[in-house]
Structures are given as C-alpha cells and as structure tokens.
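Q: Using my numbering, read the sequence shown as starting at 11 and increasing by one per residue. Cβ coordinates follow ideal geometry from the N, Cα and C atoms, glycine included.
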Amino acid sequence: MFISFDAIAVSGITVEAAKLACYLNNRGFESFIDLGYDIKIDKGNFAKPYSCYEKSIFDKHFKLVRINDIHLLKNYTPEFIDKVNNSLIKGKAKVSLIEKNKLLEQVDIVANELSEIIFKVWNKLEITHLVIENGTLPENIIYTKALYKSIEKYGSQKNLACFVLWRDHDLMWNSETLSKKYGQEPWHYAIKPIKSKYIKYVTLNNSLAKKLKDWSKQDINIDVMRNTYLFNNNHDRINIRDRFNISKDDFLIARTTRIIPEKKLERDIYLVKKLNDLYTKNNKLCSIYLIIAGDEKENIDYSHYLRKYIKELELENFIKFSGPLQHDFIENENNKATIQDLYYSSDMVSFLTSYDYDSYGNPIGEAISHNRCYISTSYEYYHEVYGQHGFKTELMNISPKKDGLPDDDFIQRVYNLITDQNKTAALVKHNFNIGKNLLSNKIINKIFNI
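#1: Pick helix, strand or coil for residue 383, following the three-state DSSP scheme.
#2: For residue 324, does the three-state DSSP call read helix, strand or coil?
#3: According to DSSP, is residue 105 part of a helix, a strand, or is it coil?
#4: State yes or no: is the C-beta of residue 121 within less than 8 Å of the C-beta of residue 152?
#5: Evaluate residue 16 with the Cβ neighbour count: other Cβ atoms within 10 Å of its Cβ, from every protein chain shown; 16 or more gives buried, anything less gives exposed.
#6: Figure out for me which residue from 144, 173, 112, 117 has the closest Cα to the Cα of residue 136.
#7: To the nearest angstrom, report how far apart residue 420 and residue 440 are at their CA atoms.
#8: Report the three-state DSSP secondary structure of residue 236 (helix, strand or coil).
#9: Please return the same chain residues whose Cβ sits closer than 6 Å to the Cβ of residue 233, not counting the five positions on each side in sequence.
#10: Rounded to the nearest angstrom, what separates residue 453 and residue 377 at their Cα positions?
#11: So, with DSSP's three-state summary, where would you put residue 423?
#12: At a cut of 8 Å, does the region 321–341 reach the region 354–371 through at least three beta carbon pairs?
#13: Output the boundary residues of the alpha helix (DSSP H) element that contains residue 388.
#14: Give me the residue from 87, 404, 346 with the minimum Cα distance to residue 374.
#15: Please determine, among 436, 294, 335, the residue with the shortest C-alpha to C-alpha distance to residue 384.
#16: Have a look at 31, 84, 114 and flag the residue whose alpha-carbon is nearest the alpha-carbon of residue 74.
#17: Please report the distance separating the alpha-carbon of residue 29 from that of residue 446.
#18: DSSP on residue 281, reduced to helix/strand/coil?
#19: Using alpha carbons as the reference points, say which of 77, 52, 123, 190 lies closest to residue 93.
#20: In three-state terms, what does DSSP make of residue 123?
#21: Would you identify the three-state DSSP class for residue 264, choosing helix, strand or coil?
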C-alpha cells in the first residue's frame, strides 16, 4: 500500500509510486494507494471523493483507497489541522507555551484514535508492505504520528520484519524555503524519524539524507534512492506535431509540468519569443514552438496569467497547451498520446523551474533517457542530482535573489545550442551514457529484497 502526503492525483511523487507499483505487481502483489486527500489540506481536496478520472489514471497499477471513517474523528478537520500548522509548524499564530502544550495534547489524542482506524484498514486489506511518500514533511503531524503508531502495532502483531519504505522526496529545508512554508529551523514540533526495525528510510539525494539524519538525532540509516527512468524505449510512438500544426523542420521544446507559479512557465514563453526573434534576425525559415503538458485547472489564476502573457507577446501560434499527458506505464488508452510521445516528437526538454521548489527534476531524467537535449535552471538541487555526476547542458543561472526571466546571455547560449546539431547530438549521447548507469530502473529491485 502506498500513502502519499501530496494530495494530488498526478505529480512526480505519484509517478514514482506507479513505477514501483509496476515492479511489485509484476511479482504478484496487489497495490493500493491513498492519494492523501485527507492528509494535506492546502490542495483543496480534503474529503473530496475520488472521481472516475482519478480511478482511471491508476487503474493499471493501483486500487484507490482511503480511511473512510477519518471524518468521524472529533477534531480531525481542516480547521484543526490548519490551526496546528499555523501554531506549531509555520509560526504564523502567536501562541504561548501553555497553549502549544495544550494543542500537542489534542494532537496526541486525535493521532491515537486515528492510528486505530488506520490499523483496521491495513488489517482488512491484508497489507504486507507499505510505502510512505513524503511522510516527514510537516503537512499534517497528526497523521504522521498516527502512522508511526500504526506501523509499530501492525509490525508487532503480524510478526513482520522490515515492511515499510519511508521515502522523503521533499523536506522542510529544501521545499519552498523562500516562502518559509514550513517555518524555520529547528522545527521543534515536526515529527522526526524514529528508529524502527520495521522502517527503511530513503531520500532522493545524499544532501537530504545527511541533513535528515542530523536533524533526527537518531542512530538510523537513511539511504539514497534516486528516481529512475526507462532507457530502453521500444514502444511505437505517436508524433504529435501534426496535431498542433508544427512541421518537422520547426524546433519543438517540450515542458512537462504542473501549471503552477513555482514552475515559472513565463520563462519558457519569454525564451520562445526571444529565440524566434533571433531566428527572424538570422533569416531562419522555420520557427521555435513550445508545448506545455499539464493541467491548466490546477491553478486557474496562473493559467489565465500565462494565456494573457502569451497574447501580449503575440505568441498564440507558437505556444501550445496539450492538457495533462500521462506516462506510458499509466495511460490505458492505446491511441492516446503520452508524455513519452511528446518527448519523441520534441527536439528539447525544458526545466526552467524556480530556485527553491524542486528537489529532483524528473523532466531532466526523462529527457536524458529519451535521448533528448535539455535546458534547465541552476535550481538549488540541480548540482546535487545531475550536475555533480557529469550531465551537461546550458544552464540558466539563478539564485534566491535572482529568479526572474532569462537574460540575453542564456538566450544566446540556447540559440547557439539549438542551431548546432553536432553539439546537441554530442550532449545527448554524453548524458545518455551517464544516465543509463546512474538513473536506470534496475535499482528498484533492491527494495524489500523482493
């Protein structure tokens, strides 16, 4: 069973969960997933029933489940969770130590009650293995406490060995740090990892693992489990250029992303404008196009802003929104285009994200595994995940204080790259050869010794 603290159906976290579920299902396991709608409250999905769309997304790999009786618990409400977050985590509400202690007592009471309900659900589903996605990030310390209690009780009563993979993709010190969404160090009231024979802890990189161990003040092992990608793409592909009136001679940039402000999609739009200006200046007969693959409904205000910006720059013919695309291993309809089809159809993948939002950067790994060139910002964890291993590209240099639109230097470097086919081909080959050894999905079989 997978439990996500992300509270949205399609994200990097659920995609990685689906990859692991593929592996487990091929070995005879039935996989369930709780999308965390009743865990994380800021996505607006609390108590929202699963739709037919959400069920269909994961029909290949998961059965969607949730703790149905959770809303019967006194105080387990968005209002109480928000109060806990503002008083104990974010520090937005000024409360006395006495009030904090009283609030912690209430948290313990609700967590104890919740742990019993969780335990019953696991029993009913006959769970043998658990994967907790982003459980340390203090979105809901009530639920995190309850999980730890349920794990100890379930492991003991079932006489299990290690049966929990606790995978932290994001942590307080690498997620939205500029906005201080999760408050500041030392995060006194966030729930630290506990030493347990039932739990294997992993993070996405060495930096996160080291800091998590130091912060926990526990003698625990925290391993690194990188996100992984398929390097043997043998599927028949759909070339989606025709659907958007993009010729084979035009240069197509793909941006696969959530459409939210943190992803800085205005950078890609601005870049396309400037690149097309350079094409015109240098008498190029073709054009630069951008396809954005993501759900415009996730943040309607931001989507409207992007549409307005595109109109202001007179780029309506060059910027295309494909809507959300799924991965091959998720999509059920054979004739429906996937993210892999978009990569196949494109010349370059863009990841011009903001400085402090992403702790990994899946589109970069996907570009590498699909033999595509990529461009990226120097976001906080780029070097940790990719740069230090020798992957090469043109980077847009950013920092906490410099996180705006591309400058002329970056634009010119990208232009030089896309107009030099030999250089592009050499970069693609170089990155692919490193990636197939570092990022291929062969490392998954180390989990649980399955």
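A: According to the structure data:
#1: strand
#2: coil
#3: coil
#4: yes
#5: buried
#6: 173
#7: 21 Å
#8: coil
#9: 212
#10: With a pLDDT of 49 at residue 453, under the threshold of 50, the modelled position of that residue is not reliable, and no figure is offered here.
#11: helix
#12: no
#13: Here residue 388 belongs to no alpha helix (DSSP H), and DSSP marks it neither H nor E.
#14: 404
#15: 436
#16: 31
#17: 17 Å
#18: helix
#19: 52
#20: helix
#21: strand
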